[in-house]
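For the record, the sequence lines run as chains A and B.
Letter 76 of the first sequence, counting from 1, is numbered 963 in my numbering, and no numbers are missing.
Letter 114 of the second sequence, counting from 1, is numbered 1373 in my numbering, and no numbers are missing.
Below is one structure, written out as structure tokens; comments come after it.
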Amino acid sequence: AQTVTQSQPEMSVQEAETVTLSCTYDTSENNYYLFWYKQPPSRQMILVIRQEAYKQQNATENRFSVNFQKAAKSFSLKISDSQLGDTAMYFCLYGAGSYQLTFGKGTKLSVIP
Amino acid sequence: DGGITQSPKYLFRKEGQNVTLSCEQNLNHDAMYWYRQDPGQGLRLIYYSQIVNDFQKGDIAEGYSVSREKKESFPLTVTSAQKNPTAFYLCASSPRGPPNTGELFFGEGSRLTVL
């Protein structure tokens, strides 16, 4: 089975600063997808950003961007201009097809005013 | 609006009782999943279903049962055999075929507390 490792259980960042959350994974697949999900205190899981492994260009969504290093099997999330609403648990998800879906254990991010 | 509906949002159960958590989706997705979330554990897969009348055990299926009689519905029963059922339960779905990105769509979750 694939493994996904988020090495930072908790992180904090000052409002308006930039923070990077790390994720590494283990796979023998060549085609797969990677996702970052956000779970705010409401506990609703929200998709933040996705990356297809066959794409070399790093995905970006407004203040959120990824640094995808396929050879290193690394998929970090950068949040720029952090806002109080970014306070949440962040989960990295590896997917190969519909059914090979593996979550990391999450990083709790606190944005400090 | 398309989405996934879980009910109830909060549920209390006495020890020895079975309880059923409901999950309904109107996204026309073939695949549905049940996850359990505990503090510090991330999300762990209980069961998943790829198609009606078929389902597979996940990593922590013991003490749980599911059914998939309709495409839209994937209820989870927490049986008395589940030794530590107090947890937050999330239902999710994903499309089966192209454009299959593997993206999961989640319900709002159900919090089960055993008294």
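Ideal Cβ placement from N, Cα and C applies to all residues, glycine included.
The structure presented is a predicted model; accordingly, all values stated were derived computationally and were not measured.
Straight-line measurement puts the Cα of S899 (chain A) at about 36 Å from the Cα of E1283 (chain B).
Under the three-state reduction of DSSP, L971 (chain A) is assigned to helix.
Between the alpha carbons of R1327 (chain B) and E904 (chain A) lies a gap of roughly 47 Å.
Taking a C-beta cut-off of 7 Å against chain B, the contacting residues of the stretch 918 to 948 of chain A are Y920, F922, R930, Q931, M932, L934, R937, listed in chain order. Residue contact check for L1286 (chain B) against chain A: no CB pair falls below 8 Å. Think of a sphere of 8 Å around the beta carbon of L908 (chain A): no beta carbon from chain B falls inside it, the nearest being about 14 Å out.
The three-state reading of DSSP puts K1330 (chain B) in coil, since its state is none of H, G, I, E or B. Counting only runs of 3 or more residues that sit fully inside the stretch 907 to 993 of chain A, the beta strand (DSSP E) segments are 911 to 913, 920 to 926, 933 to 939, 951 to 956, 961 to 966, 975 to 983, 987 to 990, in chain order. For E897 (chain A), same chain residues with a beta-carbon under 6 Å away, outside a window of 5 residues either side, are K995 in chain order.
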